[in-house]
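**Q** Take a look at the following structure, please.
In my numbering, the protein residues as written are 414 to 976.
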């Protein structure tokens, strides 16, 4: 036969190295080799030798426990840390494998490993010690996608695949998922009176990666500490049910649902003043439409960039300053040495503390429903206005160092609320992502409350930052089968309030829409919101909108609840 074997022939090697059953498949075009814990994805159309090397590294990391989700969770914050960890830990794992796997001995880059354990590799990766970039055949590390091996593996889903049978988490064994149990144990810590102390609480929140802070009245650039809100569920008909995770099964095509996530979410019935538990089926999946990258440009907005650059949420120490809060010991030592050497150096020997650090995660939720096809007086559709705004805001925030994800939403009944992912938190907003955003076409309906709840769960689980903000770009017209009028407006308001009670800031923008302010008020409620004919109209006050939304989290809980 002249055809080269597919990557499936490497499954035996991958399973042997990982110590458990692991599939091997080709990665989407343009993506490097990586693994999600169940499947090792190798370079599409790569040579047999290249794919074998990629399987060696990625499977070896799985077998060594280097990709344990609990261990690599901190790597979600910075892509540079993940790349450094891959170089360090990949070298260590290859060194261990070289003693028993001939292939590992052949491709080993040489030299002794820098560390002796995965924990040491993580510490080194998060430090400042220079580390050479890993070889290209090491692939990439995607901490947000690595999970415990459960569920089928295969190719991205089609629209038909998303209609398959639902298996709720209640039907599975408890041992298959330790996530909720771990979360409940952590939350119970904060119920203990011991942790009512501000200092102890701040220490625990910092340790656990949750938000902490205090209020501030200063404008952009000032410190904004946001208090972590603990979810409270009281008994009674108005108590919010937790979402129920769902899996997709099709025995004839077991690999059809890779990359798909979702849950059954409640919906608020304003007329009965109670929730409908497990009422809406929300599905998120990668949006992989073919796109032309040649037309993937982004409109530059210098005003927007200047305003958003003022959203400093954390302290940062600036060294070697002419004036400041503390002495810079290292700079002072250098100053004394230069004086003794006969030089006249500048007296830059202070450390200045300013509130300019970026520690914000933003999920942009774009309305892709049929109502967005309405056009403005100049003939440009609302969808085009909002799509361009999403691209410009995402690119600006990413350039400023924030973590950004872009999702669209549309629905077709309560059992099909779709959240196609244009860009996840672990991806760069590349030309391909921008091109796919351009290919997104509006259709179907707008079950806004369910989309907000689904996006909120993604933001809370994957942002990896202490401050999180959901940015909704919508015309503010919630409508679907059995979902309209006062019922829909109340559910959308309730969903936004739920997120704020969970410590997630919310900002809703209506760009290019003719929706009246009164109608937006009914849908978005007390959540920060604004409307404009174009993004350029909102850019001059974008810092106020962002900081206003984040500052809401620092308001007393009783006041927000009454609102």
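For each residue, glycine too, the CB sits at the ideal point set by N, CA and C.
Sorted by chain position, which residues of the same chain lie with C-beta nearer than 8 Å to residue 740's C-beta, five sequence neighbours on each side aside?
**A** What you label residue 740 is simply residue 327 of the chain shown in a count that begins at 1. Same-chain partners within the cutoff: 762, 763, 764.
**Q** Would you mind listing the alpha helix (DSSP H) stretches within the segment 789–849 that are 4+ residues and don't spill past its ends, in chain order?
**A** 795–812
**Q** Starting from the Cα of residue 710, find the closest Cα among 435, 844, 889, 914 and give me that residue.
**A** Mapped onto the chain shown, residue 710 falls at position 297. Ranking 435, 844, 889, 914 by Cα distance to residue 710 puts 844 first.
**Q** Nearest-angstrom Cα distance between residue 748 and residue 966?
**A** To locate residue 748, count along the chain shown from 1; it is residue 335. To locate residue 966, count along the chain shown from 1; it is residue 553. The straight-line gap from Cα to Cα measures roughly 44 Å.
**Q** Touching or not, the segment 912–931 and the segment 868–888, by the rule of three or more beta carbon pairs under 8 Å?
**A** yes
**Q** DSSP on residue 681, reduced to helix/strand/coil?
**A** Here residue 681 refers to the residue found at position 268 when the chain shown is read from its first residue. Note: residue 681 maps to strand in three-state DSSP.
**Q** Taking just the CA atoms, how far does residue 545 sit from residue 874?
**A** Looking up residue 874 in the chain shown gives position 461. Looking up residue 545 in the chain shown gives position 132. Their backbone Cα atoms lie some 31 Å apart in a straight line.
**Q** Is the Cβ-Cβ distance between residue 552 and residue 446 less than 8 Å?
**A** Locating residue 552 in the chain shown gives position 139, counting from the first residue. Locating residue 446 in the chain shown gives position 33, counting from the first residue. By the CB criterion at 8 Å, residue 552 and residue 446 fall inside the cutoff.
**Q** Looking only at its own chain, which residues have a Cβ that is under 8 Å from the Cβ of residue 469, when we skip the five neighbours before and after it?
**A** In the chain shown, the residue the question calls residue 469 occupies position 56. Only 426, 430, 507, 510, 514, 516, 517, 520 meet the Cβ criterion.
**Q** Is DSSP giving residue 1029 helix, strand or coil here?
**A** The chain is shown only over 414 to 976; residue 1029 falls outside these bounds and no answer can be derived.
**Q** Would you list the one or two residues that DSSP bridges to residue 756?
**A** If you number the chain shown from 1, residue 756 lands on position 343. Partner(s): none; residue 756 has no beta bridge.
**Q** Is the separation between the beta-carbon of residue 953 and that of residue 723 shorter than 8 Å?
**A** Locating residue 953 in the chain shown gives position 540, where the first residue counts as 1. Locating residue 723 in the chain shown gives position 310, where the first residue counts as 1. Result no, Cβ atoms of residue 953 and residue 723 do not sit closer than 8 Å.
**Q** On a CA-only basis, which of 475, 685, 938, 458 is nearest residue 441? Give me that one, please.
**A** Working through the chain shown from its first residue, we reach residue 441 at position 28. Of the listed residues, the one whose Cα sits closest to residue 441 is 458.
**Q** Can you give me the start and stop residues for the alpha helix (DSSP H) that residue 469 sits inside?
**A** On the chain shown, residue 469 is found 56 positions in, with the first residue counted as 1. It spans 461–476 - the alpha helix (DSSP H) in which residue 469 sits, taken as one unbroken run.
**Q** Kindly confirm or deny that the segment 683–691 and the segment 852–869 touch, where touching means at least three C-beta pairs closer than 8 Å.
**A** no
**Q** So what does DSSP say about residue 545, is it helix, strand or coil?
**A** By one-based count along the chain shown, residue 545 stands at place 132. Residue 545 falls in the coil class under three-state DSSP.
**Q** When DSSP builds the beta bridges, which residues end up paired with residue 487?
**A** In the chain shown, the residue the question calls residue 487 occupies position 74. Note: residue 487 sits in no beta bridge, so no partner.
**Q** Report the option in 505, 523, 482, 541 whose CA atom is closest to the CA atom of residue 529.
**A** Taking the chain shown and counting its residues from 1, the one referred to as residue 529 is at position 116. Out of 505, 523, 482, 541, 505 has the C-alpha closest to the C-alpha of residue 529.
**Q** Report all residues from its chain with a CB closer than 6 Å to the CB of residue 656; omit the five preceding and five following residues, and keep chain order.
**A** Walking along the chain shown from the start, residue 656 turns up at place 243. Correct list, in chain order: 676, 678.
**Q** Which residue comes first and which comes last in the alpha helix (DSSP H) that contains residue 504?
**A** Taking the chain shown and counting its residues from 1, one reaches residue 504 at position 91. Residues 492–511.
**Q** Leaving out the 5 sequence neighbours to the left and right, which residues in its chain are closer than 7 Å to residue 421 when beta-carbon positions are compared?
**A** As a first step, residue 421 is located in the chain shown; it is residue number 8 there, counting from the start. 437, listed in sequence order.
**Q** May I ask you to list the residues that DSSP assigns as paired with residue 777?
**A** Here the question's residue 777 lines up with position 364 in the chain shown. According to DSSP, which records beta bridges pairwise, residue 777 is partnered with 819, 884.
**Q** Using DSSP with H/G/I as helix, E/B as strand and the rest coil, what is residue 659?
**A** For the purposes of this step, residue 659 is identified with residue 246 of the chain shown, where counting begins at 1. Correct three-state label for residue 659: strand.
**Q** Going by alpha carbons, who is nearest to residue 950 out of 716, 485, 555?
**A** Against the chain shown, residue 950 aligns to sequence position 537. Checked all of 716, 485, 555; the closest Cα to residue 950 is 716.
**Q** On a Cα-Cα basis, can you pick out the residue from 523, 549, 473 that is closest to residue 496?
**A** What you label residue 496 is simply residue 83 of the chain shown in a count that begins at 1. Taking only the C-alpha atoms, the option nearest residue 496 is 549.
**Q** What residue range is occupied by the uninterrupted beta strand (DSSP E) comprising residue 944?
**A** Mapped onto the chain shown, residue 944 falls at position 531. Counting along the chain, residue 944 sits inside the beta strand (DSSP E) bounded by residues 941–945.
**Q** Any idea which residues DSSP pairs residue 920 with across the strands?
**A** In the chain shown, residue 920 corresponds to position 507, counting from 1. Paired residues: 884, 941.
**Q** For residue 756, count neighbouring C-beta atoms within 10 Å of its own C-beta (all shown protein chains included) and say buried if the count is 16 or more, exposed if not.
**A** Against the chain shown, residue 756 aligns to sequence position 343. Residue 756 should be labelled exposed.
**Q** Please classify residue 885 as buried or exposed, where buried requires at least 16 neighbouring CB atoms within 10 angstroms.
**A** On the chain shown, position 472 is the one that residue 885 refers to. Answer is buried; the Cβ neighbour count reaches 16.
**Q** Anyone know if the C-beta pair for residue 485 and residue 556 falls short of 8 Å?
**A** On the chain shown, residue 485 is found 72 positions in, with the first residue counted as 1. On the chain shown, residue 556 is found 143 positions in, with the first residue counted as 1. Yes.
**Q** Which residues in the same chain as residue 817 place their Cβ atom closer than 6 Å to its Cβ, once the five residues preceding and following it in sequence are excluded?
**A** Locating residue 817 in the chain shown gives position 404, counting from the first residue. Within the same chain, 775, 807, 810, 811 come within 6 Å of residue 817 by CB-CB distance, once the 5 residues on both sides are set aside.
**Q** I need the straight-line Cα distance from residue 926 to residue 797, nearest angstrom please.
**A** Taking the chain shown and counting its residues from 1, the one referred to as residue 926 is at position 513. Taking the chain shown and counting its residues from 1, the one referred to as residue 797 is at position 384. Going by the C-alpha atoms only, they are around 11 Å apart.
**Q** Opposite residue 740 in the DSSP bridges: which residues?
**A** Here residue 740 is taken as the residue at index 327 of the chain shown, counted from 1. Paired residue(s): 763.
**Q** Quick check: what's the CA-CA separation for residue 947 versus residue 827?
**A** For the purposes of this step, residue 947 is taken as the residue at position 534 of the chain shown. For the purposes of this step, residue 827 is taken as the residue at position 414 of the chain shown. Distance between the alpha carbons of residue 947 and residue 827 is about 31 Å.
**Q** Specify, as a first and last residue, the run of the alpha helix (DSSP H) that residue 515 falls within.
**A** Sequence index remark: in the chain shown, residue 515 carries index 102 (1-based). Segment 515–520, the alpha helix (DSSP H) holding residue 515.
**Q** Given that a residue counts as buried once 16 or more other Cβ atoms are within 10 Å of its Cβ, and exposed if not, what is residue 960?
**A** Taking the chain shown and counting its residues from 1, one reaches residue 960 at position 547. Classification of residue 960: buried, given that the 10 Å Cβ count is 16 or more.
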